[in-house]
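Numbering (UniProt numbering), first residue to last: 1 to 182.
In structure tokens, the structure reads:
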């Protein structure tokens, strides 16, 4: 993906809590589109190989959650975590992580991830098709800044992490703010 490129139009199949539904699973299906998430907002989107995986659950997701207020102070309206996992998995992961500031987007079929060129085969880990790790600042549906981990390829032997870290995005935002003020 490159800066200045518009995100692809995709419909995401999500499950949302609905108090009118009784029983142990009070959720209903709700389709959300790229425009629903990104239109008219400046947001962070980060994606990772899988919910509940070590780097994602220990560093990347908690780092974005913990720094949400600082991101807001730097002009970010929302923070989204995407993974090629279904809505059931993403909702349970969000619940287990006690998320209050980061919203999850399920790309269950990998359609969005494929269309932005980040879908990779992770058969070497028994995952199948998943997202390569990246982060982006999206302004009204257009990529403002792109942070992709090195080595994009199928069945990569490692899980690089650093370029897409919340700390790296905070540094970018601070520099952009300083440049705008100068």
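C-beta atoms are modelled at their ideal positions from N, C-alpha and C, and glycine is treated no differently.
Beta-carbon proximity list for residue 89, same chain, < 6 Å, skipping 5 on both sides: 51
Three CB pairs or more closer than 8 Å across the region 59 to 71 and the region 20 to 29: no
Closest residue to residue 87 among 11, 118, 117 (Cα-Cα distance): 11
Segment contact flag, the region 17 to 26 with the region 104 to 120, C-beta cutoff 8 Å, min 3 pairs: no
Distance between residue 76 and residue 182 (C-alpha atoms, nearest Å): 20 Å
C-beta atoms of residue 44 and residue 80 nearer than 9 Å: yes
Span separating the alpha-carbon of residue 175 from that of residue 19: 44 Å
Rounded straight-line distance, which links the Cα of residue 160 to that of residue 105: 22 Å
Residue 55 vs residue 133 beta-carbon contact at 9 Å: yes
Close beta carbons around residue 70, own chain, < 8 Å, minus the five adjacent residues each side: 170
Per-residue burial, residue 98 [other beta carbons within 10 Å of its own, 16 or more giving buried]: exposed
Residue ranges of each beta strand (DSSP E) within the region 1 to 68, 3 or longer: 11 to 17, 27 to 33, 42 to 48
Range covered by the beta strand (DSSP E) that runs through residue 82: 78 to 83
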